[in-house]
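Below is one structure, written out as structure tokens, with a few remarks after it.
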Amino acid sequence: TIWIDYIDIWFTGIEDRLETTIVLSVELLDAEEKIVLSETREYPISILEDDIVAEDKFTIEYPLKLKRGTYSLNLELINEAGKEKRKKSLQIEVKREAHDYR
Numbered sequence: 001t002i003w004i005d006y007i008d009i010w011f012t013g014i015e016d017r018l019e020t021t022i023v024l025s026v027e028l029l030d031a032e033e034k035i036v037l038s039e040t041r042e043y044p045i046s047i048l049e050d051d052i053v054a055e056d057k058f059t060i061e062y063p064l065k066l067k068r069g070t071y072s073l074n075l076e077l078i079n080e081a082g083k084e085k086r087k088k089s090l091q092i093e094v095k096r097e098a099h100d101y102r
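The UniProt record's numbering applies: residue 1 is where the sequence shown begins, and numbers increase by one.
Dropping the structure here:
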């Protein structure tokens, strides 16, 4: 899950709404540095100006099903309205595989 404070997001004003698109690029590499996943998704935001509270956050759910092992996760967020770009790299260790308990 990725949280972004609304106060940190640049918006374009369109009538009484604030709008932008957050572009998320994800690259996941395994322990041998082979690319396991590489994709980009867009998350449009359109909210009434009066509905924004400084403490509110925009939430992106990005579930991953991974086998046991160590991974490198590279994230890049681009805010289309302000052309602001942020990058983050993380090391992830999966100790047990996820199970489907249906």
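C-beta: ideal position from N, C-alpha, C; glycine also. Since we're looking at a predicted model, the values are computed, not measured.
Taking each of Pro44, Asp16, Ile52 and Ala31 in turn and checking the Cα distance to tyrosine 6, the smallest one comes out for Ile52. At the C-beta level, phenylalanine 58 and isoleucine 14 stay beyond 8 Å of one another. In the three-state reduction of the DSSP assignment, tyrosine 43 falls in the strand class. Restricting attention to Leu75, Glu80, Ser72 and Lys95, the CA atom closest to the CA of isoleucine 22 is found in Glu80. By the beta-carbon neighbour count (other beta carbons within 10 angstroms, threshold 16), threonine 1 is exposed.
If you draw a straight line from the Cα of threonine 20 to the Cα of lysine 95, it comes to about 37 Å. Arginine 68 and threonine 12 have their C-alpha atoms some 43 Å from each other.
Closest option to leucine 37, judged by alpha-carbon separation, among Leu48, Ser46, Asp56 and Tyr62: Tyr62. For tyrosine 71, the secondary structure class from DSSP, reduced to helix, strand or coil, is strand.
When the five nearest sequence neighbours on each side are left out, the beta carbons in the same chain lying within less than 8 Å of the beta carbon of glutamate 49 are those of Gly13, Asp16, Arg17 and Leu18, in order along the chain.
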